[in-house]
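Participant: Take a look at this one; I'll ask things after.
There are 2 protein chains.
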Amino acid sequence: MNMPRSASGQGAVVLLSGGLDSATTLAIARAEGFACYCLSIDYGQRHRAELSAATAVAEALGASGHRCLRLSLDDLGGSALTDASIAVPVAGVAPGIPVTYVPARNTIMLSLALAWAEVLGSSDIFVGVNAVDYSGYPDCRPEYVEAFESLANLATKAAVEGARLRLHAPLIHLGKAQIIQRGVELGVDFGLTVSCYQADEHGHACGSCDSCRLRRAGFVAAGVADPTRYRV
Amino acid sequence: MNMPRSASGQGAVVLLSGGLDSATTLAIARAEGFACYCLSIDYGQRHRAELSAATAVAEALGASGHRCLRLSLDDLGGSALTDASIAVPVAGVAPGIPVTYVPARNTIMLSLALAWAEVLGSSDIFVGVNAVDYSGYPDCRPEYVEAFESLANLATKAAVEGARLRLHAPLIHLGKAQIIQRGVELGVDFGLTVSCYQADEHGHACGSCDSCRLRRAGFVAAGVADPTRYRV
């Protein structure tokens, strides 16, 4: 296993949605030796089942802490994930940025991770953005990740005092199948994760939204049995 | 009055805390012709009275809309403003970054403003950061404001589709007295605003925290009668 940097128990904040990508990201951060403080955001998303999944994933992968902040993004709407009047597309992945895009979501989540990192005295943040999302969501692109890291290094008291924040996006160049393979290598139980945009309260997936389609295709391409619990 | 750009009713998001600076910023945005959508954040701050002040200020200055999002930053703590166990300093403004610094606060608030701007289809965000805060808070510096604008122009669907977000910080080079003079010229009723870090539920100020001291000195230097309601 390739370990770019051993951190010997140093603390890192890991954004953990409860989905497949962030679970693998947490496993990577753990494998690199970080003590992981997982942050989830209850932002009024329709797939709140992912938050219970995040709790299970954090525990299974030995997180040192897990917080879930409440943020009423549903008061702003503008996305199929935060506005009940906008339907989640189920006809297949289409070109362009889908209506499930949540305005500025990664900027918001990274800013909250930055806040917690500063409170904890941590200089490392992990986020599970990746190349598959890249084609659709602007805030998953490598140049976006670099820009956020630059901003973070101007934004905080810690930065003024000389700390250098590192934003780790270990999945950025991986496709879904590679992410799954990496997760399997690291012992991630993907059966605990929820990716579906409209999972029911038990975490059962619809099987037809973009997120379900990308996930299912990823398991097929990786040659890994799909542990997703689908609704029937 | 200097009007850098007439916007003829174009929509802008204005971060409105309920304090003196953001009220003046709103007045400037209105004077420039923007239809203003004010955003306040209930982040667990001890001076929640500023949120009622924000509502009054938004109405008095003819905002087109006002939203208050709830964000449980008090779950993270790390600041005298969000953690009841850390006292607000009252002995006078000291050198360095004070304990009232809220980790990553402006990054968080700007990211939420960015989200709402995208939902509204607006390309303009106004924030009341200024040169007086500059000495203390890292996320009030001009280079920080520029970095956030750059990030915003990578972060959103709107940016990918060609929109260019402008982050306006019209107070950035002004001292407190100049801000007050500008506000008076534009008809801001500073009696509606609350700056105190530990204002009581009626908005009455303590008179001794850093924010009260800077505000009081600003009114004196501006030669403007101080309308602040102090506790006795």
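Top to bottom, those sequences are chains S and Z.
Mapping the first sequence onto numbering that gives the first Met the number 0, position 80 (from 1) lands on 79, and the numbers just tick up by one.
Mapping the second sequence onto numbering that gives the first Met the number 0, position 148 (from 1) lands on 147, and the numbers just tick up by one.
Built from N, CA and C at the ideal position, the CB exists for glycine as well.
Output needed for Tyr196/S: all residues of its chain with C-beta closer than 8 Å, excluding positions within five of it in sequence on either side, in chain order.
Facilitator: Arg45, His46, Ala79, Leu80, Val87, Thr99, Cys205, Cys208, Asp209, Ser210 and Cys211
Participant: Which residues in chain Z have a C-beta closer than 7 Å to the C-beta of Gly149/S? List them in chain order.
Facilitator: Position check: residue 149/S holds Ser in this sequence, whereas Gly was assumed. Chain Z residues near Ser149/S: Ala146.
Participant: For a quick check, are the C-beta atoms of Asn152/Z and Leu164/Z less than 7 Å apart?
Facilitator: The Cβ atoms of Asn152/Z and Leu164/Z sit closer than 7 Å to each other.
Participant: Got a sec: is the Cβ-Cβ distance from Ser71/S to anything in chain Z below 7 Å?
Facilitator: yes
Participant: Gly76/S touches chain Z at which residues, Cβ-Cβ below 9 Å?
Facilitator: Val118
Participant: In the segment 151-201 of chain Z, which residue ranges form an unbroken alpha helix (DSSP H) of at least 4 residues, counting only runs that do not cross its ends?
Facilitator: 156-159 and 175-184
Participant: For Ile124/Z, return the contacting residues in chain S, with the cut-off set at a CB-CB distance below 9 Å.
Facilitator: Proximity of chain S to Ile124/Z at the Cβ level (cut-off 9 Å) is not reached, the minimal Cβ distance being about 11 Å.
Participant: Opposite Tyr229/Z in the DSSP bridges: which residues?
Facilitator: DSSP output for Tyr229/Z lists Ala204/Z as bridge partner(s).
Participant: Do Gly217/S and Ala168/S count as a contact pair if the criterion is CB distance below 7 Å?
Facilitator: no
Participant: Measuring CB atoms only, is the segment 122-141 of chain S touching the segment 90-104 of chain S, in the sense that at least three cross pairs come out at less than 8 Å?
Facilitator: yes
Participant: With a 10 Å radius around its C-beta and 16 neighbouring C-beta atoms as the bar for buried, classify Arg230/Z as buried or exposed.
Facilitator: Exposed: under 16 other Cβ atoms inside 10 Å.
Participant: With a threshold of 16 other CB atoms inside 10 Å of the CB of Glu58/Z, please say whether the residue is buried or exposed.
Facilitator: exposed
Participant: From the DSSP output, in three-state form, read off Val101/Z for me.
Facilitator: coil
Participant: What does the alpha-carbon distance come out to for the pair His203/S and Ala28/Z?
Facilitator: 48 Å
Participant: Compute the Euclidean distance between the alpha carbons of Ser71/Z and Ala130/Z, then round it to the nearest angstrom.
Facilitator: 28 Å
Participant: Taking contact to mean at least 3 C-beta pairs separated by less than 8 Å, is the segment 9-20 of chain Z in contact with the segment 32-51 of chain Z?
Facilitator: yes
Participant: If distances are taken between C-alpha atoms only, which option among Leu68/Z, Val183/Z and His201/Z comes closest to Ala224/Z?
Facilitator: Val183/Z
Participant: Please work out which residues of its chain come closer than 6 Å, Cβ to Cβ, to Val115/Z, disregarding the five sequence neighbours upstream and downstream, and give them in chain order.
Facilitator: Residue identity check: residue 115/Z is Trp in the sequence provided, not Val. Answer for Trp115/Z: Val12 and Leu38, listed in chain order.
Participant: Check the Cβ of Ala158/Z against every Cβ in chain S and list those closer than 8 Å, keeping chain order.
Facilitator: By Cβ distance, chain S contributes Pro137.
Participant: Identify the residues that DSSP records as bridge partners of Ala11/Z: which are they?
Facilitator: Cys35/Z
Participant: For Gly64/S, list the residues DSSP reports as bridge partners.
Facilitator: Tyr36/S
Participant: Got a sec: is the Cβ-Cβ distance from Thr155/Z to anything in chain S below 7 Å?
Facilitator: yes
Participant: Tell me which residues share the same chain as Leu113/S and place their Cβ nearer than 6 Å to its Cβ, disregarding the 5 neighbours each side in the sequence.
Facilitator: Ala151
Participant: Below 6 Å CB to CB, which residues in the same chain sit around Met108/Z once its five sequence neighbours on both sides are set aside?
Facilitator: Leu14 and Ile40
Participant: Could you check what DSSP says for Arg69/Z in three-state terms: helix, strand or coil?
Facilitator: strand
Participant: Quick one: grab the DSSP three-state call for Asp82/S.
Facilitator: coil
Participant: Compare the C-alpha of Ala52/S against each of Glu142/S, Leu19/S and Val118/S and name the closest.
Facilitator: Leu19/S
Participant: Under the rule that 16 or more other beta-carbon atoms within 10 Å means buried, what is Glu142/Z, buried or exposed?
Facilitator: exposed
Participant: Going by CA-CA distance only, name the one from Gly120/S, Gly10/S and Ser110/S that's closest to Ala62/S.
Facilitator: Gly10/S
Participant: Using a Cβ-Cβ cut-off of 7 Å (strictly less than) and excluding sequence neighbours within five positions of Asp188/S, which residues of its own chain qualify?
Facilitator: Ala59
Participant: Taking the beta strand (DSSP E) that Asp123/S belongs to, which residues open and close that run?
Facilitator: Asp123 to Phe125
Participant: Assuming Arg241/S is part of the alpha helix (DSSP H), what are its boundary residues?
Facilitator: Residue numbering for chain S in the displayed model covers 0 to 231; residue 241/S lies beyond these limits and cannot be assessed.
Participant: Cutting at 6 Å between CB atoms, please list the residues of its own chain near Glu148/S, excluding the five before and the five after it.
Facilitator: Once the five neighbours on either side are set aside, the close Cβ partners of Glu148/S are Leu166.
Participant: Grab me the residues of Lys156/Z's own chain with a C-beta within less than 6 Å of its C-beta, minus the 5 sequence neighbours each way, in chain order.
Facilitator: none
Participant: Assuming Ile124/S and Thr23/S make a contact with CB atoms under 8 Å, what is their CB distance in whole Å?
Facilitator: About 16 Å separates the Cβ atoms of Ile124/S and Thr23/S, ruling out a contact at the 8 Å cut-off.
Participant: Return yes when the Cβ of Val56/Z is within less than 7 Å of the Cβ of Leu191/Z, no when it is not.
Facilitator: yes
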